[in-house]
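> The structure under discussion is supplied below as structure tokens; questions concerning it will follow.
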Amino acid sequence: MRALAILLLALAAGCSTYKTPASLDAIEQPLARFDREDETLRASVVPIADKKAAKAFLGVDPAKLGAVPVMIEVENRSGAPLKLVPGSMRLHGASGAQLPAIDIDDAYIRGQKSGMGDAIAAGIISGLLLGPSGVALGTLVGASHADSVDRTASADYVAKRFHPWLLPAGGKASGVVFFEGAPQAFTSLRFQVREIESNSSHEWSIALEKAAP
Amino acid sequence: MKRLALLAALSLSSCASGPAAPLEIPLLEATIEASWLQAERPRVFLHSIVLDSGGELESRTVGSAAVGSLNNYATIVSTVTVEEQVRDAMVRALRAHRVLAPEAEGSAYAMVVLVNQFSVREFVTGGSPEHSRASVAYDVLVRDAAGTLCFAREIEARVVSESSWSDATSLNEPTLRQAMRETLDTLFADASFRALFEPLPTAAEPVVGTEAASQPSDAASEEPPLPL
Numbered sequence: 001m002r003a004l005a006i007l008l009l010a011l012a013a014g015c016s017t018y019k020t021p022a023s024l025d026a027i028e029q030p031l032a033r034f035d036r037e038d039e040t041l042r043a044s045v046v047p048i049a050d051k052k053a054a055k056a057f058l059g060v061d062p063a064k065l066g067a068v069p070v071m072i073e074v075e076n077r078s079g080a081p082l083k084l085v086p087g088s089m090r091l092h093g094a095s096g097a098q099l100p101a102i103d104i105d106d107a108y109i110r111g112q113k114s115g116m117g118d119a120i121a122a123g124i125i126s127g128l129l130l131g132p133s134g135v136a137l138g139t140l141v142g143a144s145h146a147d148s149v150d151r152t153a154s155a156d157y158v159a160k161r162f163h164p165w166l167l168p169a170g171g172k173a174s175g176v177v178f179f180e181g182a183p184q185a186f187t188s189l190r191f192q193v194r195e196i197e198s199n200s201s202h203e204w205s206i207a208l209e210k211a212a213p
Numbered sequence: 001m002k003r004l005a006l007l008a009a010l011s012l013s014s015c016a017s018g019p020a021a022p023l024e025i026p027l028l029e030a031t032i033e034a035s036w037l038q039a040e041r042p043r044v045f046l047h048s049i050v051l052d053s054g055g056e057l058e059s060r061t062v063g064s065a066a067v068g069s070l071n072n073y074a075t076i077v078s079t080v081t082v083e084e085q086v087r088d089a090m091v092r093a094l095r096a097h098r099v100l101a102p103e104a105e106g107s108a109y110a111m112v113v114l115v116n117q118f119s120v121r122e123f124v125t126g127g128s129p130e131h132s133r134a135s136v137a138y139d140v141l142v143r144d145a146a147g148t149l150c151f152a153r154e155i156e157a158r159v160v161s162e163s164s165w166s167d168a169t170s171l172n173e174p175t176l177r178q179a180m181r182e183t184l185d186t187l188f189a190d191a192s193f194r195a196l197f198e199p200l201p202t203a204a205e206p207v208v209g210t211e212a213a214s215q216p217s218d219a220a221s222e223e224p225p226l227p228l
């Protein structure tokens with residue numbers, strides 16, 4: 001009986017798992033959406049700087065992460081292949097700061113270090129509370145759970161990343177891009193668009209503040 | 001024996017101690033559908049490998065590792081350049097599918113590969129299992145003999161190794177290898193890419209019914225009209 005209780009307690013403690021919805025639409029917190037379209041692109045941008053929204057959707061607090069997630073949807077309306085240049089993407093803050101995009105793996109690793117994977121700690125703590133035999137069990141449960149948390153969060157970040165960056169005519173891309181820096185008020189998102197045929201580039205931007213009525 | 005080219009090294013100089021051969025992508029031939037190999041197809045010349053994001057990709061440094069029980073930081077250095085590595089993998093894949101043209105002249109297509117990402121990283125926090133993460137992404141552009149762009153697509157693979165409670169350094173190489181392999185699989189599974197390589201008609205095979213044959217040609221227009 002005692003072993004069973006230990007197992008149940010350890011399992012319960014280890015169940016504070018990473019769990020997020022697949023779509024931003026499922027987030028309860030209202031988020032501002034910004035749209036723009038012209039003859040080149042149609043784009044929709046949703047900064048996820050709000051702590052509750054970011055926690056719910058990506059399991060992270062942007063302030064702790066030191067990076068701001070932004071959901072971006074783009075459609076190529078130019079009639080020819082276009083490349084959005086990843087290294088050119090910048091989130092412009094009201095303070096004048098220009099936040100560069102970071103790779104999704106960097107964001108994930110930062111997330112892990114900022115407390116995204118809490119299950120292993122929960123498992124070990126439950127074990128400590130239960131005595132020596134519980135330490136091993138709690139560690140084991142926490143570890144195995146952390147393993148699954150790790151894979152789940154990892155797969156979740158990969159699934160939610162913005163891609164592809166090369167859009168065929170009529171092609172669409174969507175997903176999250178993380179920008180290095182602290183949450184703040186943002187004025188615009190800017191990036192280079194390269195025409196594959198001519199290899200010429202131009203800057204494209206979308207305002208992230210509502211125009212005054 | 002040819003062998004891979006990744007070293008977890010504390011300095012770039014360590015790369016000199018490894019054999020200079022690209023990372024082989026095994027079993028590629030074994031997974032090719034038989035139909036690929038049963039007909040003569042248009043061929044593509046691999047024109048160039050371009051490193052799209054400059055800097056890091058131009059060196060042989062392809063990632064970072066955490067070596068040993070103390071997880072000492074180390075760069076992962078390839079004994080060949082990223083360009084050589086990608087070229088070798090692509091040439092092998094095209095050759096295995098029997099669509100590689102040895103030279104530009106006479107080939108149906110020319111291919112340019114822009115390398116966006118080519119990296120592997122060992123991930124440790126100290127409190128959870130270690131693992132390796134590889135990311136490989138190319139833009140593949142194909143032009144026909146007239147120079148018209150007929151295929152443009154980003155192919156990408158992000159591979160996460162299994163977690164390990166022991167040192168995961170040994171997982172870096174196979175993880176990168178798998179990511180390279182997955183990009184090639186993605187490319188050859190792409191319907192629009194495959195469409196470029198529709199089998200050529202054989203000498204004995206009439207071309208009636210093909211799109212080309214259904215188009216009015218100059219020769220056809222010179223023929224006298226059929227009697228009503």
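Each protein sequence line maps, in turn, to chains A and B.
Residue 83 in the working numbering is what sits at position 83 of the first sequence, and the numbering runs on without skipping anything.
Residue 151 in the working numbering is what sits at position 151 of the second sequence, and the numbering runs on without skipping anything.
Backbone N, C-alpha and C define an ideal beta-carbon position, used for all residues, glycine too.
Since we're looking at a predicted model, the values are computed, not measured.
Determine whether the Cβ of GLU73/A lies closer than 9 Å to any Cβ atom of chain B.
Not closer than 9 Å to any Cβ of chain B, the Cβ of GLU73/A fails to qualify, so no.
> Measuring CA to CA, which of ASP144/B, LEU184/B, ALA134/B, GLU33/B is closest to ILE76/B?
The candidate whose alpha carbon is nearest that of ILE76/B is ALA134/B.
> Less than 8 Å between the CB atoms is what I'm expecting for MET111/B and LEU141/B, so what's the real figure, rounded?
For MET111/B against LEU141/B, the beta-carbon gap comes to about 7 Å, under 8 Å, which counts as contact.
> How about ASN172/B: is its C-beta nearer than 9 Å to some C-beta of chain A?
Chain A contact via Cβ: absent.
> I think GLU154/B touches PRO164/A, with their Cβ atoms under 8 Å apart; what is that distance to the nearest whole Å?
4 Å
> Report the three-state DSSP secondary structure of ASP52/B (helix, strand or coil).
Shown here, ASP52/B sits in coil according to DSSP, grouped into three states, outside any helix or strand.
> Using a beta-carbon distance below 9 Å, is SER23/A in contact with chain B?
Chain B has no Cβ within less than 9 Å of the Cβ of SER23/A.
> Along the chain, where does the alpha helix (DSSP H) containing SER238/B start, and where does it finish?
Coverage of chain B is limited to positions 1 through 228, which leaves residue 238/B absent and any answer about it impossible.
> Using C-beta distances below 7 Å, list every residue in its chain close to GLU122/B, excluding the 5 sequence neighbours before and after it, in chain order.
SER64, ALA65, ALA66, GLU130, SER132, ALA168, THR169, ASN172
> Leaving out the 5 sequence neighbours to the left and right, which residues in its chain are closer than 7 Å to LYS52/A when beta-carbon positions are compared?
GLN29
> Using a beta-carbon distance below 9 Å, is GLN178/B in contact with chain A?
no
> Tell me which same chain residues have a C-beta within less than 8 Å of the C-beta of LYS55/A, skipping the five on either side of it?
ASP61
> Using a Cβ-Cβ cut-off of 7 Å (strictly less than) and excluding sequence neighbours within five positions of THR20/A, which residues of its own chain qualify?
ALA56, PHE57, LEU58, GLY59, ASP156
> Could you list the residues in the segment 81–102 of chain A with a C-beta less than 8 Å from some C-beta on chain B, going in chain order?
PRO81, LYS83, PRO86, GLY87
> At the level of alpha carbons, what is the spacing between SER161/B and ASN71/B?
17 Å
> So, is THR202/B buried or exposed, given that buried needs 16 or more other C-beta atoms within 10 angstroms?
exposed
> Flag ARG158/B as yes if its beta-carbon sits less than 9 Å from any beta-carbon of chain A, otherwise no.
Any Cβ of chain A closer than 9 Å to the Cβ of ARG158/B would place that residue at the interface, and such an atom is present.
> Can you list, in chain order, the residues of its chain with a C-beta nearer than 6 Å to that of LEU184/B? Leave out the 5 residues immediately preceding and following it.
ALA93
> Roughly how far, in whole angstroms, is the beta-carbon of ILE49/B from the beta-carbon of ALA96/B, given that I think they are within contact range, below 8 Å?
No, ILE49/B and ALA96/B are not in contact; Cβ-Cβ is about 18 Å, not under 8 Å.
> Residues of chain A with CB closer than 7 Å to the CB of ARG133/B, please, in chain order.
ASP105
> Give every residue of the same chain whose Cβ lies closer than 8 Å to the Cβ of ARG194/B, excluding the five residues on either side of it in the sequence, and list them in chain order.
PHE188
> Any beta carbon from chain A within less than 9 Å of SER69/B's own beta carbon?
no
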